[in-house]
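The sequence shown begins at 10 in my numbering and counts up by one.
Cβ atoms here follow ideal geometry from the backbone N, Cα and C, with glycine treated the same way.
Being a predicted model, the structure only gives us computed values, none of them experimental.
Single-structure report; data block below.
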Amino acid sequence: MPIRHRIALIGLAVASALLSGCGRPADIAGGAALAAETGCVACHGTNGRGTGPTFPNINGQHAGYMYEQLKKYRSGERVNIIMNDQAQQLSNAQMELLARYYAAQ
Ligand code: HEC
């Protein structure tokens with residue numbers, strides 16, 4: 010294959026990766042996987058509904074609000090032993106993804 014065709018193909022692959030990274034459906038699929046991987050689903054379910062009476066429903070909560078709360082749990086500004094521990098493992102980008110995922114449920 011001529012080199013300029015290869016370059017064009019690589020360009021297309023990068024462009025589609027970037028586009029899918031911004032799209033809501035890709036965010037949500039990534040958020041679902043991350044929620045399972047990091048263990049949120051044990052208490053907030055896959056649909057954001059608390060799996061027990063002491064676990065809050067977070068489905069449909071504002072993404073911006075949840076993102077801020079996760080950052081506060083990580084910094085210790087908001088104190089809850091469970092969530093402080095949970096938030097330690099998350100980067101800002103992961104918090105944003107999880108917040109958007111649960112907001113969309
Ligand atoms: C072991 C159970 C447990 C796990 C696992 C867990 N949470 Fe929580 N979550 C809680 C509890 C309990 C609260 C309420 C804490 C409080 O009173 O501040 C809470 C609160 C929250 C809140 C704040 C809700 C509000 O209305 O202010 C968010 C957002 C949240 N969790 C997201 C997550 C995410 C994202 C994950 C995965 C990384 C996760 N939680 C994992 C139990 C859990």
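- Collapsing the DSSP output to three states places residue 53 in a helix.
- Taken through DSSP and simplified to helix, strand or coil, residue 62 comes out as coil.
- Contact check between the segment 70 to 83 and the segment 97 to 111: three or more CB pairs, one atom from each, fall below 8 Å, which counts as touching.
- It is roughly 18 Å from the alpha-carbon of residue 38 to the alpha-carbon of residue 58.
- At a Cβ-Cβ threshold of 8 Å, residue 53 and residue 110 do not count as neighbours.
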